[in-house]
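Worksheet: one structure, shown below.
In our numbering, the protein residues as written are -8 to 113.
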C-alpha cells in the first residue's frame, strides 16, 4: 500500500530540487538551492590572501565556513540555534577542507558562506 506524506509525495519520493548558479555578484562562486520549500544560499570567496598570519598555513589554504540560519536570527532560543549553526559550520568546514585542493593555495583562505533562508526540514 502506498502512503502519501502531508505534502502529497509518496513515502519514497524526494522533494523537488532546483538550483540557480552565480547569484551573488561579489562571490567567486554562488548558488541558491531549493529542496521543496527549504531555501539555501551559498557563496564561495577565494582563495584569497589570508588577512592575518594566524590564518596562514604554509601547507595549504585555510577553509572557513560561515553558517547562518533564519531560525538563529532573533527567535526565542536563539543561542541554541546559534550553537547548532556553529556545529554545522564546523562539520561542513571539515568535510570541505578534505574535498578542496588546499595544497595548491598555500597561505590563503577560502571562505564559504551558507545562509538557510527557509528551513522546511528537508
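Glycine is no exception: its CB is placed at the ideal position from the N, C-alpha and C atoms.
Would you call residue i buried or exposed, if buried means 16 or more other Cβ atoms sit within 10 Å of its Cβ?
i	result
residue 93	buried
residue 7	exposed
residue 77	exposed
residue 37	buried
residue 9	exposed
residue -6	exposed
Please say whether residue j and residue i have beta carbons closer to each other than 8 Å?
i	j	result
residue 72	residue 89	no
residue 114	residue 86	Because the chain in this structure spans residues -8 to 113, residue 114 falls outside the shown range and cannot be described.
residue 56	residue 15	no
residue 53	residue 110	no
Measuring only the C-alpha atoms, how far is residue i from residue j?
i	j	result
residue -1	residue 43	51 Å
residue 40	residue 12	25 Å
residue 46	residue 20	22 Å
Please classify residue i: does DSSP put it in a helix, a strand, or coil?
i	result
residue 79	helix
Q: Note down, one range per segment and in chain order, each beta strand (DSSP E) of at least 3 residues found wholly within the segment 18 to 73.
A: Within the segment 18 to 73, the complete beta strand (DSSP E) segments of 3 residues or longer fall at 20 to 26, 29 to 40 and 53 to 60, listed in chain order.
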